[in-house]
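In our numbering, the protein residues as written are 756 to 992.
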Amino acid sequence: MNTNREHLCDVLVIGSGAAGLSLALRVAERAKVIVLSKGPLSEGATYYAQGGIAAVFDEADSIESHVNDTNIAGAGLCEEDTVQFIAENAKECVQWLIDGGVPFDQVETEKDEAPRYHLTREGGHSHRRILHAADATGMAMQTTLQDNVQNHPNIEIFERYNALDLITEDKVGGSKDKVVGAIFGTATKSTLKRCALSLSCWQRAARQKCTSTPQTQMSLLATVLQWHGAQAAALPT
Ligand SMILES: Cc1cc2nc3c(=O)[nH]c(=O)nc-3n(C[C@H](O)[C@H](O)[C@H](O)COP(=O)(O)OP(=O)(O)OC[C@H]3O[C@@H](n4cnc5c(N)ncnc54)[C@H](O)[C@@H]3O)c2cc1C
Numbered sequence: 756m757n758t759n760r761e762h763l764c765d766v767l768v769i770g771s772g773a774a775g776l777s778l779a780l781r782v783a784e785r786a787k788v789i790v791l792s793k794g795p796l797s798e799g800a801t802y803y804a805q806g807g808i809a810a811v812f813d814e815a816d817s818i819e820s821h822v823n824d825t826n827i828a829g830a831g832l833c834e835e836d837t838v839q840f841i842a843e844n845a846k847e848c849v850q851w852l853i854d855g856g857v858p859f860d861q862v863e864t865e866k867d868e869a870p871r872y873h874l875t876r877e878g879g880h881s882h883r884r885i886l887h888a889a890d891a892t893g894m895a896m897q898t899t900l901q902d903n904v905q906n907h908p909n910i911e912i913f914e915r916y917n918a919l920d921l922i923t924e925d926k927v928g929g930s931k932d933k934v935v936g937a938i939f940g941t942a943t944k945s946t947l948k949r950c951a952l953s954l955s956c957w958q959r960a961a962r963q964k965c966t967s968t969p970q971t972q973m974s975l976l977a978t979v980l981q982w983h984g985a986q987a988a989a990l991p992t
């Protein structure tokens, strides 16, 4: 029995850690999103991170200092533009996490005062700039982001689904080396080898292509994608 299935979305996010879930939530404001995680949704580095997340929140601190500390700790290996970009945008990103409900530790304030966050100093940082949730910051971030993703009407989650291969347009009759989908499955490698056709097949991130392709061509495209799925399943050794 051919149990291949096709799932359509505008954006496919592979991975359900802090990076994947944050991206999914941002993009889901205007697109239909599928999130894949190869294991349980929370299983990744994010859940286990303890210390905290660095951003310039203290008025006595500065972006220049954060950049400088990072470049020194990076021993000349860091890309300077990337360091600058991350240091400049860190506060806004952490604020987005706060607004999303991540319970970073706060210091006591007067009744009408805005919340202030407890900052620790770690690693190569010359200022207190680490926001944290006790010593389980990653767990707090992961569980909050997960709740938000699970309750978002535009996000569908495929837990314990492993992405096996990306589908580029040139594999399905087009000419460009552009990713238009991915092949994923639930089984272990050995099971996949035997049950190649039980793979799921996700197709076409580009809605544009979907609306402009005639029905007959769509069926053909789906068949080709399924065939490619079977081929991909036979490849792992
Ligand atoms: C013990 C520990 C302590 C740390 N402490 C800190 C700290 O104090 N401060 C700090 O800033 N950083 C810390 N880090 C680093 C930080 O946790 C990571 O940099 C961050 O969590 C990476 O997030 P991510 O979303 O990129 O990856 P992850 O959270 O690892 O997520 C990766 C996701 O990809 C999925 N995936 C992978 N391959 C596939 C596939 N083929 N198909 C489908 N899904 C797939 C996984 O299932 C998972 O959901 C720590 C890390 C560890 C392990």
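The C-beta atom is built at its ideal place from N, Cα and C for all residues, glycine as well.
Apart from sequence neighbours up to five positions away, the residues of its chain that approach A889 with a beta-carbon distance below 7 Å are D860, ordered along the chain. Using a cutoff of 7 Å, the CB of A774 counts as near ligand 1, since one of the ligand's heavy atoms is closer than that.
Remark: the C-beta of E914 is outside contact range of ligand 1, defined as less than 7 Å to any heavy atom. Distance between A845 and Y872, taken at the CA atoms: about 15 Å. Taking C-beta atoms as the reference points, R876 and D816 fail to come closer than 8 Å. When C-beta atoms of the segment 805 to 813 are compared with those of the segment 925 to 933, fewer than three pairs fall below 8 Å, so the two segments do not count as touching. Rounded to whole angstroms, P795 and H907 show a C-alpha spacing of 18 Å. The closest heavy atom of ligand 1 lies less than 7 Å from the beta carbon of A800. Within the segment 866 to 925, the alpha helix (DSSP H) runs of at least 4 residues that lie entirely inside it are, in chain order, 892 to 905. Around the beta carbon of F939, a 10 Å sphere encloses 16 or more other beta carbons of the protein chains shown; the residue is thus reported as buried.
Non-local beta-carbon contacts of T941 in its own chain, meaning distances under 7 Å to residues more than five positions away in sequence, involve R915 and Y916 in chain order.
Out of S820, N826 and V857, the CA that lies nearest to the CA of S881 is found in S820. In terms of Cβ geometry, Q901 and S797 form a close pair [threshold 8 Å].
Bridge pairing for L767: I789 [DSSP]. Rounded to the nearest whole angstrom, the CA to CA distance from V822 to H762 is 43 Å.
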